[in-house]
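Chemist: For reference, each letter of the sequence shown is one residue, going 1 to 639 in the UniProt record's numbering. Questions regarding the structure given below will be posed in turn.
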Amino acid sequence: MAALVGKTAQRGRRAEGFAVRRWLQVGVASAGMGAALWGLSVVGPQVGLAGAESTESASSSESSSDAGVSSGTEKRSAAGGDGSASGGTAARDADSEDTGAAEGAAAEEGAAEDAAAEDAAADDAAADDAAREAVTDDADADPDEIESATRADESADDAGDPEVDRKDAVSDSTRPLQTVQSTELTGSTASMTTTAAEPVPAPPWLAPRRTWDETVAKIMSDWTARNQAWIDSLDVDDDRKAELEASFLALRRAFFNQAPTVAPIQISGRLTGPITGTVGAVDAEGDEIRYRLTRAPRTGSLVLNQDGTYTYTPDSDFNGVDTFRVVAIDAGLHINLLDLFRPIGTRANSLINQRAINFDFTFTDDGTGWTPERQLALQEVADQMTQYFLVTAPVTLTYTVGLDDRDNVLASAASGLVSTAAGYWRTVVQNKLLTGVDSNGAKADGEIDWNWASTAWGLGEDVGSDEYDFVSTAIHELLHSFGFLSYTDAPGENTERRWAYFDRFLVTEKGTRPIGAFYRWRSSDDPKLIGDDGGLFFGGANAIAAYGGLIPLFTPDPWSGGSSMSHLDDFTFTDDDQKLMNSATDTGLGVRVLSAIELGILKDLGYNVVMPQSPPYAAAFVGLLFIGLRPRKTPSARR
């Protein structure tokens, strides 16, 4: 036994003698000494000062209807559910009055425990990800590194001939066909005068998960903010405070230095004109950043400026898409005791698009409905909408465009799913944009029908009070063909096992999925389709991050075919907070700019989306916000 103990001790002494161990000990000791000198720790100052108290308030929502239509929002409020999530901070605050060296050690240990807890939560959430398709949607995507895939859950051998699925062969204007998301005129509409409801918190397995770099950044940001607040609270002169701030920042820069973050974006030239952009590098410590071009563009030339901005000039063989790679390197020793393997620099893959997405419209009428002016208006809207999307290969989307003269329909757009087998499937348009694969050959990728006969339309910036907004409606309908649609049906009728890709993100307010094993709908969730038990939500991670919780979908009672489940909830996003993908619209200027929530949903659907610095039609949208959105009135469009 004595010999065994001796060998163990000897092994321990050898390990302690390693150079890397001595280096780490020196670094930790230095950091600990600096923290002790200034009363700092990695979880913030705890020096017996009086803590500021804060209060939280939550707003409530009410909704009323003058048409006998109720929503999931109303029923969630009536249920009286709290819907709030509380953090576990009380235990950490209980012993906050301890001071001295023991406090610094405990604080550092607490920071490690916080990081471990976040890792554990991420591990728990990973089980849910196993059932999802891995879709590459990084804004830095490299075309050479992306594999084309038409779906996640079934093999390509199961794919059938894609076509518009018409679940209901009877032409029923009050119950549009599921794949054809139509805009309908209703005789009355619910009065939507509610205030914005508090988001339903997302459960841990749906909430966005941080990478380790993001976790470290959060720890450092919180630490810096707490220490700054502590310094501000000290009863010393400004010069002394400045010395303390400089000392802390020097400590952070020396031992907790973060690599730059990058957010490459193309600023101009998406349709025409000079192509400019920026790497979008930011260094948390304010260190100087140097840029190195590690892979040049293939079909163009690049001028990379010292501030990270660039100008790209296409060559004659440019096909609409190109890419290049830059590494952003910050000055300094690049030591971070919370991230010992942090890279020297951060890689940014910049994706160039100019006229990369094109539309080929085939108009099937004799020109009396789709006049040349109207054809140009549709082409303009489609082109402008592409500024939200980035693709890794040039693509042309084909649509047949016709007429729909029914009095109760404004417009409709459709795109069939890429397979008839069970599973979650993209639309033909969606799959073509994401992979470049044409799933239906010579057939049109989508179809559009428009009611010019019985409806007045405003084509440009000036939309009369008795006209419907052509731009807003065209963007709305085209996005349905892009995959912003659900294949759910009325309660009791969800017997099929083929779903739109959108449906894989459907969840209840508790985070459970209404579509279970073998893609079968759980009949126990039927009441939620008409707003009972809280209704149904979109639970994609990017959308949740944008909204701050689960995104409520339109679940009116009674069920509204063609509107229910394929739109954001009209009873939640009301008045000045209305969204482009709400179910209903009114005459006059409508919403023309996509919100962060809608961009988040599109990203969850697999798209590489950006918010342009100058969004298309933003000027009209600013004017709309200035005068305010009018309340819904009769007639309104139920899309």
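Every residue gets a Cβ at the ideal spot worked out from N, C-alpha and C, and that includes glycine.
Drop a sphere of 10 angstroms on the beta-carbon of Glu447, count the other beta-carbons inside from all chains shown, and report buried for 16 or more, exposed for fewer.
Modeler: buried
Chemist: Here's the rule I'm using: 16 or more other beta-carbon atoms within 10 Å means buried, otherwise exposed. How should Ala596 be labelled?
Modeler: Taking all protein chains in view, the Cβ of Ala596 is surrounded by fewer than 16 other Cβ atoms within 10 Å, so the residue is classified as exposed.
Chemist: Touching or not, the stretch 264-276 and the stretch 309-321, by the rule of three or more beta carbon pairs under 8 Å?
Modeler: yes
Chemist: Which class does Arg522 belong to by DSSP, given the choice of helix, strand or coil?
Modeler: Taken through DSSP and simplified to helix, strand or coil, Arg522 comes out as coil.
Chemist: If you drop the 5 nearest sequence neighbours on each side, which residues of the same chain put their C-beta closer than 8 Å to that of Thr555?
Modeler: Ser71, Gly72, Lys528, Leu529, Ile530, Gly531, Gly535, Leu536, Ser564, Met565, Asp569
Chemist: Grab me the residues of Gln384's own chain with a C-beta within less than 6 Å of its C-beta, minus the 5 sequence neighbours each way, in chain order.
Modeler: Contacts found: Pro616.
Chemist: For Ala550 and Ala202, which I take to be in contact (beta-carbon distance under 8 Å), what is that distance rounded to the nearest angstrom?
Modeler: In the sequence as displayed, the identity of residue 550 is Leu instead of Ala. That pair is a contact at about 5 Å.
Chemist: May I have the straight-line CA-CA distance separating Thr508 from Leu390, to the nearest angstrom?
Modeler: 31 Å
Chemist: In the DSSP output, what is Pro314 paired with across the bridge?
Modeler: Gly300
Chemist: Under the three-state reduction of DSSP, which class applies to Glu145: helix, strand or coil?
Modeler: For Glu145, the predicted structure reports a pLDDT of 45, less than 50, and the residue's modelled location is therefore unreliable. A value from the coordinates is still provided. Reduced to three states, the DSSP call for Glu145 is helix.
Chemist: Beta-carbon within less than 7 Å of Asp466's beta-carbon, same chain only, minus the 5 sequence neighbours each way: which residues are those?
Modeler: If we look at Asp466 and ignore the five residues flanking it on each side, its Cβ neighbours are Ala456, Thr587.
Chemist: So what does DSSP say about Ala159, is it helix, strand or coil?
Modeler: Residue placement at Ala159 is flagged as unreliable, the pLDDT there being 45, under the threshold of 50; the coordinate-derived value follows with that caveat. Reduced to three states, the DSSP call for Ala159 is coil.
Chemist: Does the Cβ of Thr364 have 16 or more other Cβ atoms within 10 Å, making it buried, or fewer, making it exposed?
Modeler: exposed
Chemist: To the nearest angstrom, report how far apart Asn440 and Val429 are at their CA atoms.
Modeler: 10 Å
Chemist: Measuring only the C-alpha atoms, how far is Trp425 from Arg226?
Modeler: Linking Trp425 to Arg226 through their CA atoms gives a straight-line distance of about 48 Å.
Chemist: With a CB to CB cut of under 6 Å and the five nearest residues on each side skipped, what residues in its chain are close to Pro297?
Modeler: Asp322, Phe324
Chemist: Pick out whichever of Phe518, Phe573, Ala584 has its Cα sitting closest to the Cα of Thr473.
Modeler: Out of Phe518, Phe573, Ala584, Ala584 has the C-alpha closest to the C-alpha of Thr473.
Chemist: Tell me, please, which residues DSSP counts as bridged to Pro552.
Modeler: Phe537
Chemist: Under a Cβ-count criterion, where at least 16 other Cβ atoms within 10 Å of its own Cβ denotes burial, should Phe484 be classed as buried or exposed?
Modeler: buried
Chemist: Could I get the ranges of all uninterrupted beta strand (DSSP E) runs contained in the stretch 397-480, with 3 residues as the minimum, in chain order?
Modeler: 409-414, 423-425, 446-450
Chemist: What's the C-alpha gap between Leu333 and Ala545?
Modeler: Rounded to the nearest whole angstrom, the CA to CA distance from Leu333 to Ala545 is 34 Å.
Chemist: How far does the alpha helix (DSSP H) with Arg513 in it reach, from first residue to last?
Modeler: Taken as a continuous stretch (DSSP letters only), Arg513 belongs to no alpha helix (DSSP H), as it is neither H nor E.
Chemist: According to the Cβ coordinates, are Ile265 and Asp330 closer than 8 Å?
Modeler: no
Chemist: Look at the Cβ atom of Val593, then the Cβ atom of Gln578, and state whether they are nearer than 8 Å.
Modeler: One thing to note: Val593 has its Cβ no nearer than 8 Å to the Cβ of Gln578.
Chemist: Is Val282 near Thr261, with beta carbons less than 8 Å apart?
Modeler: Against a cut-off of 8 Å, the Cβ pair of Thr261 and Val282 comes out as a contact.
Chemist: Could you check how far apart the C-beta atoms of Asp366 and Gly402 are, in whole angstroms? I think they sit under 8 Å.
Modeler: At roughly 11 Å, the Cβ-Cβ gap does not stay under 8 Å, so Asp366 and Gly402 are not in contact.
Chemist: Excluding the 5 residues flanking Ile344 on each side, which residues of the same chain have their C-beta closer than 7 Å to its C-beta?
Modeler: Ile329, His334
Chemist: Using a Cβ-Cβ cutoff of less than 7 Å, which residues in the same chain neighbour Leu304 once the five nearest sequence positions on both sides are dropped?
Modeler: Excluding residues within five positions, the ones whose Cβ falls inside 7 Å are Tyr291, Leu293, Tyr310, Val326.
Chemist: Output needed for Trp452: all residues of its chain with C-beta closer than 6 Å, excluding positions within five of it in sequence on either side, in chain order.
Modeler: Only Gly369 meet the Cβ criterion.
Chemist: Return the residue from the list Arg355, Thr427, Ala393, Leu459 that minimises the CA-CA distance to Arg374.
Modeler: Leu459
Chemist: Please name the residue in Met581, Thr495, Ala541 whose C-alpha comes closest to that of Ile475.
Modeler: Met581
Chemist: Assign Ser523 to one of two classes, buried (16 or more other C-beta atoms within 10 Å of its C-beta) or exposed (fewer than that).
Modeler: exposed
Chemist: Taking C-beta to C-beta, are Ile601 and Gly540 nearer than 8 Å?
Modeler: Pairing Ile601 with Gly540 gives a Cβ-Cβ distance under 8 Å.
Chemist: Can you tell me whether Glu461 is buried or exposed, with buried defined as 16 or more other CB within 10 angstroms of its CB?
Modeler: Under this definition Glu461 is an exposed residue.
Chemist: Pro208: which of Gln354, Gly561, Pro491, Ala543 sits nearest, CA to CA?
Modeler: Ala543
Chemist: So if DSSP puts Gly345 in a beta bridge, which residue, or which two residues, is it bridged to?
Modeler: Ile329
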